[in-house]
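S.K.: One structure is given below, represented as structure tokens, and several questions about it will come after.
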Amino acid sequence: MSGATGVTFPMNTTTEKTYIGIPTVNIISTGIVLVSNAFGLVVNTLYLWVLGFRMRRSISTTWFFHLMLSNFLQTLIMPFIAVYLITDPRWVMGTFLCKSMHSLFSAVMYSSVFTLTVISLDRYCLVLHPVWYRAHMNNRYASAICISIWGLAILFCSPYFAFRQTRLLEDNKTTICYNDYTLSGSIQEKSVRWVMYIFRLIFGFLLPFAVITVCYVRIALRMKKANLARSSKPYKILFIAVISFFVSWFPYHLWYGITTAEDSVHKTAVDIMMVLTAVFNSFNYCFTPLLYLFTAENFKEALQKSVLSLIESVFN
Numbered sequence: 034m035s036g037a038t039g040v041t042f043p044m045n046t047t048t049e050k051t052y053i054g055i056p057t058v059n060i061i062s063t064g065i066v067l068v069s070n071a072f073g074l075v076v077n078t079l080y081l082w083v084l085g086f087r088m089r090r091s092i093s094t095t096w097f098f099h100l101m102l103s104n105f106l107q108t109l110i111m112p113f114i115a116v117y118l119i120t121d122p123r124w125v126m127g128t129f130l131c132k133s134m135h136s137l138f139s140a141v142m143y144s145s146v147f148t149l150t151v152i153s154l155d156r157y158c159l160v161l162h163p164v165w166y167r168a169h170m171n172n173r174y175a176s177a178i179c180i181s182i183w184g185l186a187i188l189f190c191s192p193y194f195a196f197r198q199t200r201l202l203e204d205n206k207t208t209i210c211y212n213d214y215t216l217s218g219s220i221q222e223k224s225v226r227w228v229m230y231i232f233r234l235i236f237g238f239l240l241p242f243a244v245i246t247v248c249y250v251r252i253a254l255r256m257k258k259a260n261l262a263r264s265s266k267p268y269k270i271l272f273i274a275v276i277s278f279f280v281s282w283f284p285y286h287l288w289y290g291i292t293t294a295e296d297s298v299h300k301t302a303v304d305i306m307m308v309l310t311a312v313f314n315s316f317n318y319c320f321t322p323l324l325y326l327f328t329a330e331n332f333k334e335a336l337q338k339s340v341l342s343l344i345e346s347v348f349n
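Right, dumping it as structure tokens:
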């Protein structure tokens, strides 16, 4: 399997191989995906409702609404991933879903990562350049930035829509979904595979992680210098923000790298990374929002009021 559960599908090459199922690994990964998906669907739907309809629109709510939208879209696609894991290595959902699902997963990954990066830049400007930032930033600009993020995410995922193909193997029974990099012409398939991985690694992890880390370190230093924090809680929140991003995405990109070099990597390592990626990717879209949203008192207050009013309407 080449890629991450919830973000990409397997099989990078066009060469014929003997595909052997991994029942135990697939069952574990499928269980993780389905349980986290059920939780994530409820949680992210609730978040979207509160942010979109129960809170006054602001720059912050705009960022988090689009972040929750990315997570919500991912939860809608996860059942298809579960189907794939159960039927692996066969692909039973047709060519269109082979192309569109992988592309949408990539778009969701980029939009989520880019939005988290923008949130860190937003907080950086609020702490280090508050007067200038408040004078120049508004809700309209925030919405325009979010739309641009989605546009960039779609642009970055578009090659996968072209490369993704289905093919019937020589046994005339097994259809697979894979990346056909031979479509790139005379360029060697392996070279294209590595270029795609390096691009994804840089723009989907290394660059955003560097920006997020620098922003939150600078914020912590300014808060300490100006004695802005009365307790250690703000520093813990900043630390958790950096660590949660790393934990959520590093296993995925490590797995993607391992499967890109699948010919020289032991199968057990790929199996282990498959489960870890399922765990931490599920953590990303289910629990990471808690780390951000529940640090905001106005969101917690709006959420409590919304849930209480919903319960009252049900029983009345």
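Quick note: our numbering has the sequence shown finishing at residue 349, numbered continuously throughout.
Ideal Cβ positions, reconstructed from N, Cα and C, are used throughout, including at glycine.
All of these numbers come straight from a predicted model, not from anything done at the bench.
Can you name, in chain order, every residue of its own chain whose Cβ lies under 8 Å from the Cβ of L120, other than the five neighbours on each side?
M.R.: Here residue 120 refers to the residue found at position 87 of the sequence shown. As written in the sequence, residue 120 is Thr, which differs from the Leu given in the question. Around T120: no qualifying Cβ.
S.K.: Just tell me which of R123, R90 and L137 has its CA closest to the CA of L109.
M.R.: In the sequence shown, residue 109 corresponds to position 76, counting from 1. The shortest Cα separation from L109 among R123, R90 and L137 belongs to L137.
S.K.: Given P192, which residues of its chain have a CB within under 8 Å of its CB, disregarding the five upstream and five downstream residues?
M.R.: The residue given as residue 192 occupies position 159 in the sequence shown. For P192, where only same-chain residues beyond five positions count, the Cβ hits under 8 Å are M229.
S.K.: Quick one: what's got a C-beta closer than 8 Å to R123's C-beta in the same chain, skipping five residues either side?
M.R.: Taking the sequence shown and counting its residues from 1, one reaches residue 123 at position 90. If we look at R123 and ignore the five residues flanking it on each side, its Cβ neighbours are T207, T208 and I209.
S.K.: Please state if the CB of T246 and the CB of P284 are separated by a distance shorter than 9 Å.
M.R.: Sequence index remark: in the sequence shown, residue 284 carries index 251 (1-based). Sequence index remark: in the sequence shown, residue 246 carries index 213 (1-based). No. Outside cutoff.
S.K.: In chain order, which beta strand (DSSP E) runs of at least 3 residues are fully inside the region 167–245?
M.R.: 197–201 and 208–212
S.K.: Examine the Cβ distances between the region 138–146 and the region 88–96 and report whether three or more of them are shorter than 8 Å.
M.R.: no
S.K.: Exposed or buried, what is G54 when buried is set at 16 or more other beta-carbons lying within 10 Å of its beta-carbon?
M.R.: Here residue 54 corresponds to residue number 21 of the sequence shown, with the count starting at 1. Residue placement at G54 cannot be trusted, given a pLDDT of 48 that sits under 50; the coordinates are not used to answer.
S.K.: From W183 to Y289, what distance separates their C-alpha atoms?
M.R.: Locating residue 183 in the sequence shown gives position 150, where the first residue counts as 1. Locating residue 289 in the sequence shown gives position 256, where the first residue counts as 1. For W183 and Y289, the distance between alpha carbons rounds to 23 Å.
S.K.: Roughly how many angstroms lie between the CA atoms of F105 and C319, to the nearest whole one?
M.R.: For the purposes of this step, residue 105 is taken as the residue at position 72 of the sequence shown. For the purposes of this step, residue 319 is taken as the residue at position 286 of the sequence shown. Looking at the two C-alpha atoms, the distance is approximately 9 Å.
S.K.: Can you tell me the Cα-Cα spacing of A253 and Y268, whole angstroms?
M.R.: Residue mapping note: residue 253 aligns to position 220 of the sequence shown, counting from 1. Residue mapping note: residue 268 aligns to position 235 of the sequence shown, counting from 1. Taking C-alpha positions only, A253 is separated from Y268 by approximately 6 Å.
S.K.: Apply the 10 Å Cβ neighbour rule to D204 and answer buried if 16 or more other Cβ atoms are within range, or exposed otherwise.
M.R.: As a position in the sequence shown, residue 204 is number 171, starting the count at 1. Result: exposed.
S.K.: Put N260 into one of helix, strand or coil per three-state DSSP.
M.R.: Residue numbering aside, residue 260 sits at position 227 when the sequence shown is read from its first letter. In the displayed model, N260 falls within coil according to three-state DSSP, outside both helix and strand.
S.K.: Examine the ligand COA and report whether any of its heavy atoms sits within less than 8 Å of the Cβ of M229.
M.R.: Summarising the ligand content, the structure contains no ligands, and the ligand COA is consequently not present.
S.K.: Is the separation between the beta-carbon of Y211 and that of E222 shorter than 9 Å?
M.R.: The sequence position of residue 211 within the sequence shown is 178, counting from 1. The sequence position of residue 222 within the sequence shown is 189, counting from 1. No Cβ-Cβ contact shorter than 9 Å links Y211 with E222.
S.K.: For L202 and K132, what's the separation of their Cα atoms in angstroms?
M.R.: By one-based count along the sequence shown, residue 202 stands at place 169. By one-based count along the sequence shown, residue 132 stands at place 99. So the two alpha carbons sit approximately 18 Å from each other.
S.K.: Expressed to the nearest angstrom, what Euclidean distance is found between the alpha-carbon atoms of F129 and V146?
M.R.: By one-based count along the sequence shown, residue 129 stands at place 96. By one-based count along the sequence shown, residue 146 stands at place 113. Straight-line Cα distance between these residues: approximately 26 Å.
S.K.: Alpha carbon to alpha carbon, how far is M256 from N59?
M.R.: Within the sequence shown, numbered from 1, the residue matching residue 256 stands at position 223. Within the sequence shown, numbered from 1, the residue matching residue 59 stands at position 26. One C-alpha to the other measures close to 46 Å.
S.K.: Using a Cβ-Cβ cutoff of less than 7 Å, which residues in the same chain neighbour L84 once the five nearest sequence positions on both sides are dropped?
M.R.: Translated into the one-based positions of the sequence shown, residue 84 becomes position 51. For L84, where only same-chain residues beyond five positions count, the Cβ hits under 7 Å are T94, F97, F98 and M101.
S.K.: Report yes if the CB atom of A186 is closer than 9 Å to the CB atom of M126, and no otherwise.
M.R.: Indexing the sequence shown from 1 puts residue 186 at position 153. Indexing the sequence shown from 1 puts residue 126 at position 93. The answer is no: Cβ separation not under 9 Å.
S.K.: Among the candidates G73, W165, I65 and H162, whose CA atom is the shortest distance from the CA of V116?
M.R.: For the purposes of this step, residue 116 is taken as residue 83 along the sequence shown, with counting starting at 1. Looking at the Cα atoms, I65 is the closest of the given residues.
S.K.: DSSP on V116, reduced to helix/strand/coil?
M.R.: If you number the sequence shown from 1, residue 116 lands on position 83. In this structure, V116 counts as helix in the three-state DSSP scheme.
S.K.: Do F196 and F242 have their C-beta atoms closer together than 9 Å?
M.R.: Within the sequence shown, numbered from 1, the residue matching residue 196 stands at position 163. Within the sequence shown, numbered from 1, the residue matching residue 242 stands at position 209. No, the pair does not count as a contact, with Cβ atoms beyond the cut-off.
S.K.: So what's P122 in DSSP terms, helix, strand or just coil?
M.R.: The residue you call residue 122 lines up with position 89 of the sequence shown. It is coil, neither helix nor strand.
S.K.: Using a Cβ cut-off of 9 Å (strictly closer), state whether E222 contacts chain B.
M.R.: You won't find chain B in this structure, because it holds only one protein chain.
S.K.: Does the distance from the C-beta atom of S144 to that of S315 stay below 9 Å?
M.R.: Within the sequence shown, residue 144 is the residue found at index 111, counting from 1. Within the sequence shown, residue 315 is the residue found at index 282, counting from 1. Against a cut-off of 9 Å, the Cβ pair of S315 and S144 comes out as no contact.
S.K.: Considering Cα atoms alone, identify which of V225, C190 and P112 is closest to A294.
M.R.: Taking the sequence shown and counting its residues from 1, one reaches residue 294 at position 261. For A294, the nearest C-alpha among the options comes from V225.
S.K.: If I follow the unbroken alpha helix (DSSP H) through R156, where does it start and stop?
M.R.: Here residue 156 is taken as the residue at index 123 of the sequence shown, counted from 1. It spans G127 to L161 - the alpha helix (DSSP H) in which R156 sits, taken as one unbroken run.
S.K.: By Cβ distance, which residues of its chain are closer than 6 Å to N381, with the 5 residues on each side in sequence left out?
M.R.: Limits of the chain in this structure are 34 at one end and 349 at the other, which puts residue 381 out of reach.
S.K.: Below 9 Å between beta carbons: does that hold for I291 and V308?
M.R.: Residue mapping note: residue 291 aligns to position 258 of the sequence shown, counting from 1. Residue mapping note: residue 308 aligns to position 275 of the sequence shown, counting from 1. No, the pair does not count as a contact, with Cβ atoms beyond the cut-off.
S.K.: Does DSSP classify R89 as helix, strand or coil?
M.R.: Locating residue 89 in the sequence shown gives position 56, where the first residue counts as 1. Three-state DSSP puts R89 in coil, outside helix and strand.
S.K.: Could you tell me whether the Cβ atoms of S103 and T148 are closer together than 9 Å?
M.R.: What you label residue 103 is simply residue 70 of the sequence shown in a count that begins at 1. What you label residue 148 is simply residue 115 of the sequence shown in a count that begins at 1. Yes.
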